[in-house]
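A short write-up of the structure that comes next.
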Amino acid sequence: MATRVIVACGSGVATSQTVASKVARMLKDKKVDAEVQVINLREVDRYIDGSAAYISIVKNSKEYPIPVINGLAFLTGVGKDKEFDKLVKAIEDYKPV
Amino acid sequence: MQILQNVVNFLLGLGAAVFVPIIIIIAGLIVKMKVKDAISAGITLGVAFSGMSMLISYMTGAITPAAEAMAKSTGISLPITDGGWTTMSTISWSWPWAFLMFPLVIGINIVMLIIKQTDTFNADLWNVWGKIFTAVGAYYITKSVVIAFIIAAVQIVLELKNADFHQHRIEKLSGIPGVTCTHKMAFLAAPMYPIDCVLRKIPALNKSFDADDLKEKVGIFAENHILGFILGVIFGIIARYDVAGILTLGIQCSTALTLFPVISKYFMQALEPISNAVSEFMQAKFNDRELFVGLDWPFLGGSNEIWLAVIWTIPVTLVMSFFLPGNEILPFAGIINIAIAVPAYFVCKGNIIRMIIQCTIFAPVFLWVGTAFAPFVTELANTTGAVALESGQMISNSSIDGPIITYALAHIAQIVDGNFIPIVIFAVWFVCFVFYSRSLIKEKKADMASGN
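Structure follows, in structure tokens:
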């Protein structure tokens, strides 16, 4: 089964799906097997278990037990490659419990 | 011209679920997508249209009889179904000229950057539909595609200016540098500004409280399935349904609200490759200049104040809809009104008490503008077949983004018929905008001087 990563935004529609499509395309090009799931911000806690990384587009006050990737980088292009490498590493390091 | 008209009519005759995918496949090939990816995007878009159409029929099928029964039991008639922003975007994209808005948005942005009239590069090409929406309104009033696009151009310029002015405050509020909000919902901040100037003078309203705790407690009411169920049950009770009928309507409403975002995602999936190609082109072109990147609002979604204001506005809007003179829309899918909370957040700098007051004052505006747009939206839906409506059924949205300016711009051409109200509204908005933007610039300069 493909490893899951999550992306969240306000409605779970527009911004998160833009980031998700872009990340999914980058992962596919790099031949990394992962599924990018879009959720809304209010559901994050429910999805943390079982995900290799959380791609966040807001500033988090909370700590999460999985790596948090800066999703804004994929929208602005600034630091995109660095965040993508972080994501790939998180997926490769992920061990399902 | 006759041939062109025939082509347009033929495409329209196919229905939105067929002709818009054809357009996006062509657009995809223009931005050098692979043929198979372009076709995949096109078919995904067809799925999005059919899915939304199915869902909107389902929703109106559940809500319309309830609205009629409510009208009988209370004497208050609210015949316009509220499809929310997802329905509005579906209908906007089905306008035959919609895709021409892409080059207009990008072209104006490039020109404004070159002549140094803006520092914002708008990467939010999803919300191109917001420009299309205003243009559709203008088109139905003037019957002129050219005027519709000129009005959209005015909106695009104002959006970039508004994003420039807001950037510093957004960075202060969100802690995220280098980005701003190009969404037209931020236009409402300008008319909120004079009210905030007054509210700030009242010491009791300058207090703030911890929004985190409260949001944890009431946040569940903003979850789509819960909110849908509650609304359905309330409608059922007012309509004097029996218990089974009330619970059924609750689940039907919950189903509609839960599935809207699920299906809307397909629109994003289909349009993302095009918007990505454009972003990368723009980033490469202006690589040497430090630009603010204009985004849709959700990067602010970590703010609990915004969610609290949204939750507060739900019952306020619902109660008002029954008693507000001139309102004909029954709030439903648009009731999670981000478009009122985000500008309030900007103007009030996150002060939740003042935000709640602003949301209460401006809630009626959304109902009136939603009512005013129903005829165009319904007519376009029927013409393009984007949404299947029963004859006589009206559809609109109770949370149209930037309602004041959207109304004014779309209706401004009515001046030739002697209706001066839209242009007066525009002028008032513009004066507010000038004063508000000055205050934002002053704040930025003061912060820079003090080294923040």
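Protein chains in written order, with numbering that gives the first Met the number 0: chain A, 0 to 96; chain B, 0 to 451. Note that the Cβ used here is the ideal one computed from N, Cα and C, for glycine as well. Since the model is a prediction, treat every value here as computed from it, not as a measurement.
Q. In three-state terms, what does DSSP make of T141 (chain B)?
A. In the second sequence, residue 141 (chain B) corresponds to position 142, counting from 1. Per DSSP, reduced to three states, the secondary structure at T141 (chain B) is helical.
(Q) Please confirm whether E289 (chain B) has its beta-carbon closer than 8 angstroms to some beta-carbon of chain A. (A) For the purposes of this step, residue 289 (chain B) is taken as the residue at position 290 of the second sequence. It does not: the Cβ of E289 (chain B) has no partner Cβ on chain A nearer than 8 angstroms.
Q) Whose C-alpha, out of A:K21, A:A13, A:V77 and A:K29, is nearest the C-alpha of H182 (chain B)? A) Here residue 182 (chain B) corresponds to residue number 183 of the second sequence, with the count starting at 1. Nearest of A:K21, A:A13, A:V77 and A:K29 to H182 (chain B), Cα basis: A:A13.
Q.
Quick check: what's the CA-CA separation for F18 (chain B) versus I107 (chain B)?
A. Within the second sequence, numbered from 1, the residue matching residue 18 (chain B) stands at position 19. Within the second sequence, numbered from 1, the residue matching residue 107 (chain B) stands at position 108. Answer to the nearest angstrom: the Cα atoms are 27 angstroms apart.
Q) Are any of the Cβ atoms in chain B nearer than 8 angstroms to that of K29 (chain A)? A) As a working mapping, residue 29 (chain A) is identified with position 30 in the first sequence. The Cβ of K29 (chain A) sits no closer than 8 angstroms to any Cβ of chain B.
Q. Of all the CB atoms in chain B, is at least one closer than 8 angstroms to the CB of R3 (chain A)?
A. Here residue 3 (chain A) corresponds to residue number 4 of the first sequence, with the count starting at 1. Not a single C-beta of chain B is nearer than 8 angstroms to the C-beta of R3 (chain A).
**Q.** Residue environment, C196 (chain B), which counts as buried when at least 16 other CB atoms sit within 10 Å
**A.** Sequence index remark: in the second sequence, residue 196 (chain B) carries index 197 (1-based). Under this definition C196 (chain B) is an exposed residue.
(Q) With distance defined between alpha-carbon atoms, name the residue in B:L112, B:A68, B:Y57 and B:P102 nearest to R288 (chain B). (A) Within the second sequence, residue 288 (chain B) is the residue found at index 289, counting from 1. Ranking the options by Cα distance to R288 (chain B), first place goes to B:L112.
Q: Count the other C-beta atoms from every protein chain shown that fall within 10 angstroms of the C-beta of K284 (chain B), then say buried if there are 16 or more, exposed otherwise.
A: The count along the second sequence starts at 1 and reaches residue 284 (chain B) at position 285. By the neighbour-count criterion, in which a residue is buried when 16 or more other Cβ atoms sit within 10 angstroms of its Cβ, K284 (chain B) is exposed.
Q) How is the beta strand (DSSP E) around S55 (chain A) delimited, first residue to last? A) Start at 1 with the first residue of the first sequence, and residue 55 (chain A) comes out as number 56. Where S55 (chain A) is concerned, the enclosing beta strand (DSSP E) stretches over S50 to S55.
(Q) Between which two residues does the beta strand (DSSP E) holding E222 (chain B) run? (A) As a position in the second sequence, residue 222 (chain B) is number 223, starting the count at 1. Annotation: E222 (chain B) is outside any beta strand (DSSP E) and is labelled neither H nor E by DSSP.
Q) Alpha carbon to alpha carbon, how far is H167 (chain B) from F419 (chain B)? A) Walking along the second sequence from the start, residue 167 (chain B) turns up at place 168. Walking along the second sequence from the start, residue 419 (chain B) turns up at place 420. Approximately 35 angstroms, taken between the alpha carbons.
Q: Pair every Cβ in the stretch 300 to 314 of chain B with every Cβ in the stretch 204 to 223 of chain B, then say whether three or more of these pairs are closer than 8 angstroms.
A: The stretch 300 to 314 of chain B vs the stretch 204 to 223 of chain B: in contact.
Q: Find the nearest neighbour of P102 (chain B) within the set B:V415, B:I273 and B:Q357, judged by alpha-carbon distance.
A: Here the question's residue 102 (chain B) lines up with position 103 in the second sequence. When only C-alpha atoms are compared, the closest one is B:I273.
Q: Run the CB neighbour count on F322 (chain B), radius 10 Å, all protein chains shown included, and call it buried at 16 or more, exposed below.
A: Here the question's residue 322 (chain B) lines up with position 323 in the second sequence. Classification for F322 (chain B): exposed.
Q) So, does the CB of Q251 (chain B) fall closer than 8 angstroms to a CB anywhere in chain A? A) Position 252 of the second sequence, counted from the first residue, corresponds to residue 251 (chain B). The Cβ of Q251 (chain B) sits no closer than 8 angstroms to any Cβ of chain A.
Q. If the cut is a Cβ gap below 8 angstroms, which residues of chain B does S20 (chain A) touch?
A. To locate residue 20 (chain A), count along the first sequence from 1; it is residue 21. Those within 8 angstroms of S20 (chain A) in chain B are M267, Q268, E271, P272 and N275.
(Q) Is the separation between the beta-carbon of L11 (chain B) and that of T383 (chain B) shorter than 8 angstroms? (A) Along the second sequence, read from residue 1 onward, the residue named residue 11 (chain B) stands at position 12. Along the second sequence, read from residue 1 onward, the residue named residue 383 (chain B) stands at position 384. Taking a C-beta distance under 8 angstroms as the contact criterion, L11 (chain B) and T383 (chain B) qualify as a contact pair.
Q. From B:L439, B:A122, B:K35 and B:L329, pick the residue whose C-alpha is nearest to that of Q282 (chain B); which is it?
A. Taking the first residue of the second sequence as 1, we reach residue 282 (chain B) at position 283. For Q282 (chain B), the nearest C-alpha among the options comes from B:A122.
Q | I79 (chain B) vs I335 (chain B) beta-carbon contact at 8 angstroms | A | Here residue 79 (chain B) is taken as the residue at index 80 of the second sequence, counted from 1. Here residue 335 (chain B) is taken as the residue at index 336 of the second sequence, counted from 1. Taking the C-beta atoms as reference points, I335 (chain B) is found no nearer than 8 angstroms to I79 (chain B).
Q.
I want to know whether the stretch 86 to 97 of chain B touches the stretch 39 to 58 of chain B - three or more CB-CB distances under 8 angstroms.
A. Counting C-beta pairs closer than 8 angstroms gives three or more between the stretch 86 to 97 of chain B and the stretch 39 to 58 of chain B, which meets the contact rule.
Q) What residues from chain B crowd round K58 (chain A), counting only those whose CB sits closer than 8 angstroms? A) Here residue 58 (chain A) is taken as the residue at index 59 of the first sequence, counted from 1. Within 8 angstroms Cβ-Cβ: S173, G174, I175 and G301.
Q | Chain-ordered neighbours of I146 (chain B) on chain A, where CB pairs are closer than 7 angstroms | A | On the second sequence, position 147 is the one that residue 146 (chain B) refers to. Contact of I146 (chain B) with chain A by beta-carbon distance below 7 angstroms is absent, the smallest such distance being about 29 angstroms.
Q | Cβ distance (whole Å) where F207 (chain B) is taken to contact I351 (chain B) below 8 angstroms | A | The sequence position of residue 207 (chain B) within the second sequence is 208, counting from 1. The sequence position of residue 351 (chain B) within the second sequence is 352, counting from 1. Sequence check: residue 207 (chain B) is Ser here, not Phe. About 6 angstroms separates the two Cβ atoms, so the contact holds.
Q.
Please report the straight-line C-alpha distance between I250 (chain B) and S49 (chain B), rounded to a whole angstrom.
A. Here residue 250 (chain B) is taken as the residue at index 251 of the second sequence, counted from 1. Here residue 49 (chain B) is taken as the residue at index 50 of the second sequence, counted from 1. Each residue's alpha carbon lies about 22 angstroms from the other.
Q | Residues that L294 (chain B) contacts on chain A, provided the C-beta gap is smaller than 9 angstroms | A | Locating residue 294 (chain B) in the second sequence gives position 295, counting from the first residue. Ordered by position in chain A, the residues that pass the 9 angstroms Cβ test against L294 (chain B) are T14, I56, L71, L74 and T75.
Q.
Buried or exposed, going by whether 16 or more other CB atoms sit within 10 Å of the CB of K130 (chain B)?
A. For the purposes of this step, residue 130 (chain B) is identified with residue 131 of the second sequence, where counting begins at 1. Its Cβ being crowded by 16 or more others within 10 Å, K130 (chain B) is buried.
Q. Any C-beta of chain A sitting closer than 8 angstroms to the C-beta of K130 (chain B)?
A. If you number the second sequence from 1, residue 130 (chain B) lands on position 131. Chain A contact via Cβ: absent.
Q. How about the stretch 179 to 193 of chain B and the stretch 377 to 397 of chain B: do they share at least three Cβ pairs that are nearer than 8 angstroms?
A. Not touching, per the Cβ criterion.
Q: Taking all protein chains shown into account, decide if A445 (chain B) is buried (16 or more other Cβ within 10 angstroms of its Cβ) or exposed.
A: In the second sequence, counting from the first residue as 1, residue 445 (chain B) sits at position 446. A445 (chain B) is exposed by the Cβ-count criterion.
**Q.** N108 (chain B), enclosing alpha helix (DSSP H) - first and last residue
**A.** One-based indexing of the second sequence puts residue 108 (chain B) at position 109. Element bounds for N108 (chain B): M100 to I113.
Q: Taking Y46 (chain A) and I5 (chain A) to be in contact with their CB atoms under 8 angstroms, please state how far apart those CB atoms are, rounded to whole angstroms.
A: Within the first sequence, numbered from 1, the residue matching residue 46 (chain A) stands at position 47. Within the first sequence, numbered from 1, the residue matching residue 5 (chain A) stands at position 6. With a Cβ gap of about 5 angstroms, Y46 (chain A) and I5 (chain A) count as contacting.
(Q) Along the chain, where does the beta strand (DSSP E) containing R3 (chain A) start, and where does it finish? (A) Along the first sequence, read from residue 1 onward, the residue named residue 3 (chain A) stands at position 4. Annotation: the continuous beta strand (DSSP E) that includes R3 (chain A) extends over T2 to C8.
Q | Sequence-distant residues of its chain with Cβ nearer than 7 angstroms to G70 (chain A) (five each side left out) | A | Within the first sequence, the letter at position 71 stands for residue 70 (chain A). Excluding its 5 nearest sequence neighbours in each direction, G70 (chain A) has C-beta neighbours in its own chain below 7 angstroms: V6, V18, I54, S55 and I56, listed in chain order.
Q | Exposure of A243 (chain B), with buried meaning 16 or more beta-carbon neighbours within 10 Å | A | Within the second sequence, residue 243 (chain B) is the residue found at index 244, counting from 1. Counting Cβ neighbours within 10 Å, A243 (chain B) comes out exposed, since fewer than 16 surround it.
Q. Under the three-state reduction of DSSP, which class applies to N161 (chain B): helix, strand or coil?
A. Mapped onto the second sequence, residue 161 (chain B) falls at position 162. When secondary structure is reduced to three states using DSSP, N161 (chain B) falls in the helix class.
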